[in-house]
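*Asks:* What follows is a single structure, and I will ask about it in a moment.
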Amino acid sequence: MRVLGIETSCDETAASVVEGRAILADVVHTQQIHVQFGGVVPEHAARAHTEKLVAVVRAALSEAGIERPDAVAATAGPGLIGAVLVGLCYGKALAAGWGVPFIGVNHLEGHLLSGLLEDPAPEFPFLALVVSGGHTTLYLARALGDYAVLAATVDDAAGEAYDKVARMLDLGYPGGPVVDRLAQGGDPTAVELPRPRATGLDWSFSGLKTAVRQVLQKTERPVVADVCASFQAAVVDVLLDRVVRAADETGVRTLALAGGVAANSELRRRAVALPGMTVVLPDRKRCTDNGAMIANAGRLHLEAGARDGLDLGARAGWQPA
Ligand code: KG4
Ligand code: ZN
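In this note's numbering, the protein residues as written are 71 to 391.
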C-alpha cells in the first residue's frame, strides 16, 4: 500500500510517500517567514502552507513516480490549529477526489513511531523520547496505539529552551541547530548550571533557561561557545537521567529518540553510549517535522484496519492514546 503523508502542524510544509517501510519520496519545505519574528507566527504559518502545499504534494508524488497513492494520511493535531487545518482539509479532499481511504494522524504519534522507519527498527515495547519545540515527553510504547506517558515537561519544551537561550545570545531562530554547533567548540563545565527536577520523572526547563539568563547578566563578556556547551550538557543530563530511571522502573531497555531535538549531536552521542540500552536514532532529517513519519504512522493504522471519515476535525491539543 502506497500512502501519501501530509504534515502541516507547524512551520514545515511536508509530504511523503511510503510503501511499507520504504520511503519513496520525502519533500520538506521549511517556512522562512518566521525567521524575522524569532519564532513561529501561527497565522503566517497557515497562510504559507496554503501557498506551498499543492506544490509540495505534487513534488512528492512525482518523486515517488506515481499519479495517486492508495491512501492518504494527514496530521490532524496537535499543532497550530490553522496550520493543521490546511493539511487536514487538503488531505481529505485528495482522498475523496481519488476515492481512496483517509486517515488522520496524531503528530506526536508520528514522531514516536518514526524509529520504525529505521533499520533495525525498535520492537514493542520500547521507550520513545519525543523532544521537540513544543513537546518533551517520554512514552512507553507497548503496541501500535497503546502508549503511556512516563514523563513530561511541566513548563517549557526542551527545544523551546534551546530557542529561548539562542534568542538571549542573539543567535537567531530556530536556536537548536546553532547552539548545537557552537557547543562543539565550548567547554561544558565552564558555566555552572542547575539540573532542575520536577516531581517524579517529569522535567522542568524554565529554571535552566532563567539560570542561563542570570549568568549572561552577571558575566561581562560571556564566552558564547562555553554557555552553549554548558547549557547543552545540562539539557542532555536531565533528559537522559529520566530515561535511565524509566528504563530501570519499566525494565524496557530499547529507546527511540524522536523530534527536532533528537537531531542534537550531544544527545545522540550520549544516548547511544547508555550502558545496557539499545538506542534507535532516526536519521537527522527525520527528527524535525516531516511527511514520512505521518505517512508511516498512517500506514500502520490503515494496515490495522483503521479509517477516518471526512468529518474528522483538527485538534490543537491531543495526546496519542
Ligand atoms: O520536531 P520539530 O521540527 O518541531 C516541533 O514539532 O516542535 O522540532 C523543532 C525544535 C526547535 O525547537 C529546534 O530548535 C530544535 O527542534 N532543534 C534542535 C536541533 N535541531 C532542531 N535542538 C537541539 N539541537 C539540534 N541539533
Ligand atoms: Zn514535531
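Even glycine gets a Cβ: it sits at the ideal position worked out from N, Cα and C. All values derive from a computational prediction rather than experimental measurement.
For residue 244, count the other beta carbons within 10 Å of its own beta carbon; 16 or more makes it buried, fewer makes it exposed. Which is it?
*Replies:* Indexing the sequence shown from 1 puts residue 244 at position 174. When all chains shown are included, residue 244 counts as buried.
*Asks:* Any chance you could list the residues with Cβ under 6 Å from a heavy atom of the ligand ZN, keeping chain order?
*Replies:* With the cut-off at 6 Å, the residues found are 177, 181, 202, 329, 359.
*Asks:* Are the stretch 124-141 and the stretch 336-355 in contact at 8 Å, needing three or more beta carbon pairs?
*Replies:* No, they do not touch.
*Asks:* Please list, in chain order, all residues of the same chain as residue 139 whose beta carbon is under 8 Å from its beta carbon, the five residues on each side excluded.
*Replies:* As a working mapping, residue 139 is identified with position 69 in the sequence shown. Here the set comprises 72, 73, 74, 87, 131, 168, 170.
*Asks:* Could you check if residue 296 belongs to the surroundings of the ligand KG4, using beta carbon to heavy atom distance under 7 Å?
*Replies:* By one-based count along the sequence shown, residue 296 stands at place 226. Not under cutoff, so the answer is no.
*Asks:* Do you know offhand how far residue 106's Cα is from residue 277's?
*Replies:* Here the question's residue 106 lines up with position 36 in the sequence shown. Here the question's residue 277 lines up with position 207 in the sequence shown. Roughly 27 Å separates the two Cα atoms.
*Asks:* My assumption, with CB atoms under 8 Å, is that residue 196 sits in contact with residue 316. Please give the rounded CB distance.
*Replies:* For this step, residue 196 is matched to residue 126 along the sequence shown. For this step, residue 316 is matched to residue 246 along the sequence shown. Incorrect: roughly 11 Å between the Cβ atoms, too far for contact.
*Asks:* Helix, strand or coil for residue 329? Go by DSSP, reduced to three states.
*Replies:* Locating residue 329 in the sequence shown gives position 259, where the first residue counts as 1. Reduced to three states, the DSSP call for residue 329 is coil.
*Asks:* So, is residue 380 buried or exposed, given that buried needs 16 or more other C-beta atoms within 10 angstroms?
*Replies:* As a first step, residue 380 is located in the sequence shown; it is residue number 310 there, counting from the start. By the 10 Å Cβ count, residue 380 comes out exposed.
*Asks:* From residue 116 to residue 263, what does the alpha carbon distance come to, in whole angstroms?
*Replies:* Position 46 of the sequence shown, counted from the first residue, corresponds to residue 116. Position 193 of the sequence shown, counted from the first residue, corresponds to residue 263. C-alpha separation (whole angstroms): 38 Å.
*Asks:* What would DSSP say about residue 323, mapped onto helix, strand or coil?
*Replies:* Locating residue 323 in the sequence shown gives position 253, where the first residue counts as 1. In this structure, residue 323 counts as coil in the three-state DSSP scheme.
*Asks:* Using CA atoms only, rank isn't needed, just tell me which of 274, 275, 297 is closest to residue 285.
*Replies:* Residue mapping note: residue 285 aligns to position 215 of the sequence shown, counting from 1. Taking only the C-alpha atoms, the option nearest residue 285 is 297.
*Asks:* For the stretch 189-204 against the stretch 371-378, do three or more pairs of beta-carbon atoms, one drawn from each stretch, fall closer than 8 Å, so that the two count as touching?
*Replies:* The answer is no - the stretch 371-378 does not touch the stretch 189-204, with fewer than three Cβ pairs under 8 Å.
*Asks:* Around the Cβ of residue 153, are there at least 16 other Cβ atoms within 10 angstroms (buried) or fewer (exposed)?
*Replies:* Taking the sequence shown and counting its residues from 1, one reaches residue 153 at position 83. When all chains shown are included, residue 153 counts as buried.
*Asks:* Drop a sphere of 10 angstroms on the beta-carbon of residue 279, count the other beta-carbons inside from all chains shown, and report buried for 16 or more, exposed for fewer.
*Replies:* Within the sequence shown, the letter at position 209 stands for residue 279. Residue 279 is buried by the Cβ-count criterion.
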